[in-house]
Amino acid sequence: MSAADPATLAAIQRVTKRCLAEIDRVCALLDLRYVAYGGTAIGAVRHQGFIPWDDDGDVCMPREDYERFIAEAPALLGDEFFIASPATHPNYPISFGVLGLKGSEFVSKVAKDRSFRMPIGVDLFVLDEIADDPGRFRAQSRGTWLWARLMFLRSIPNPPTGLPTPARQLASAAMACAHWGMRALRVNEASLYRRWLRAALKGRENPQKAADGSILFGDFSTRDPRRWSASEAELFPARSVPFEDITVRIPAAYDVVLTRGYGDYMRIPDPDDRVTHEPFHIVFGPNDPGPEAPEEAGA
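Sequential numbering from 1 applies to the sequence shown in UniProt numbering.
Laid out in structure tokens, this is it:
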């Protein structure tokens with residue numbers, strides 16, 4: 001997949017690292033639990049920093065910690081940072097939040113027609129309890145998948161499908177009808193998110209327990225929450241590890257968690273399999289001072 005040029009990628013990673021450090025600082029102040037997630041967790045373990053081609057950051061938190069972070073972190077953030085989420089922006093197009101640099105924009109090719117501009121920053125994924133009852137879990141996973149897809153379609157009229165012609169044309173027509181139909185009926189992202197949230201919380205009353213006896217959490221922003229699941233004991237207490245020149249937290253049983261999601265995560269993927277967000281438009285804004293100046297000799 002196409003990626004940013006090396007200088008732009010280095011700048012994206014520089015800003016993302018600042019955001020990761022701010023999350024770690026504020027979570028420590030608020031006594032909130034978080035761990036690096038996805039490619040950021042792999043980078044911390046395999047590279048002690050960013051995966052060389054990675055163009056964003058990811059962390060995840062149990063819902064109770066996530067909700068407190070969204071509500072309480074803004075008062076403690078540095079002036080150059082902000083949080084965007086369904087709780088803060090009515091036209092926010094996805095089910096999880098982001099901590100970003102004010103004035104920055106990261107617009108991927110997929111999202112180039114979206115009105116909401118995502119910042120350069122770190123995605124804040126939320127972990128919800130997986131329902132113990134199989135039928136309730138099916139409703140939980142299918143409901144969150146449906147409402148998240150509709151949120152996406154509400155924000156983008158004709159996203160790429162990757163399908164061959166003529167299937168692509170049929171899918172594009174169906175998605176355009178869904179998008180403009182929701183607009184005509186005044187269905188917005190906020191109302192779709194409320195439905196997504198009701199589905200995501202279906203495991204709260206009777207959560208599934210893992211073999212270790214602790215609650216099993218899943219990421220319901222994904223199609224397969226069980227693949228991206230972890231028990232409370234696998235996650236916490238989190239480990240602090242080096243990440244470039246800062247420190248981040250990773251799951252207590254990081255090898256178990258990363259193997260479940262990725263298989264052999266220590267293997268460097270082939271160039272054709274290296275996933276990026278295919279940037280279309282990037283703005284760093286006034287709060288990015290640029291590369292740090294090297295220290296003078298003898299200083």
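Cβ coordinates follow ideal geometry from the N, Cα and C atoms, glycine included.
Item                                                                                                                : Value
Where THR247 falls: helix, strand or coil (DSSP)                                                                    : strand
Proximity winner among ASP54, ALA148, PHE243 and ALA139, relative to LEU9 (alpha-carbon distances)                  : ASP54
Under 9 Å between C-beta atoms of GLY100 and TYR66                                                                  : no
Unbroken stretches of the beta strand (DSSP E), 3 residues or longer, contained in the segment 1-53                 : none
Where the beta strand (DSSP E) containing ASP123 begins and where it ends                                           : 121-129
Sub-9 Å separation of SER154 and PRO93 beta-carbons                                                                 : Here residue 154 is Arg; the residue named in the question, Ser, does not match the sequence. Yes; because the gap between Cβ atoms is below 9 Å, this pair is in contact.
Bounding residues of the alpha helix (DSSP H) (the contiguous stretch that carries GLY135)                          : 134-155
Start-to-end residues for the beta strand (DSSP E) that takes in ASP270                                             : Segment: none, ASP270 is in no beta strand (DSSP E) and carries neither H nor E.
Beta-carbon proximity check, GLU172 vs VAL283, cutoff 9 Å                                                           : For the record, residue 172 in the displayed sequence is Ser; it is not Glu. Going by C-beta atoms, SER172 is not nearer than 9 Å to VAL283.
Selection from GLU234, ARG68 and HIS281 that minimises the alpha carbon distance to GLY213                          : GLU234
As assigned by DSSP and simplified to three states, the class of PHE284                                             : coil
Spatial distance of ALA293 from ILE215 (CA atoms)                                                                   : Caution is warranted here: a pLDDT of 41 is assigned to ALA293, below 50, making its placement in the model unreliable, and no coordinate value can be reported.
Best match in LEU170, THR222 and GLN208 for proximity to PHE152 [C-alpha to C-alpha]                                : THR222
Unbroken beta strand (DSSP E) run spanning PHE217, endpoints                                                        : 216-218
Beta strand (DSSP E) segment containing LEU99, residue limits                                                       : 97-101
Exposure of HIS281, with buried meaning 16 or more beta-carbon neighbours within 10 Å                               : exposed
Simplified DSSP assignment, three categories, for GLU105                                                            : strand
Under the three-state DSSP convention, the category SER229 falls into                                               : strand
Nonlocal neighbours in the same chain, by C-beta distance under 8 Å from SER115, ignoring five residues either side : ASN91 and SER155
Outcome for ALA200 when other beta-carbon atoms lying within 10 angstroms are tallied against a minimum of 16       : buried
Simplified DSSP state of GLY203, which is helix, strand or coil                                                     : helix
Enclosing beta strand (DSSP E) for ILE83 [first to last residue]                                                    : 81-84
Pair within 9 Å by beta-carbon distance, ASP24 and VAL248                                                           : yes
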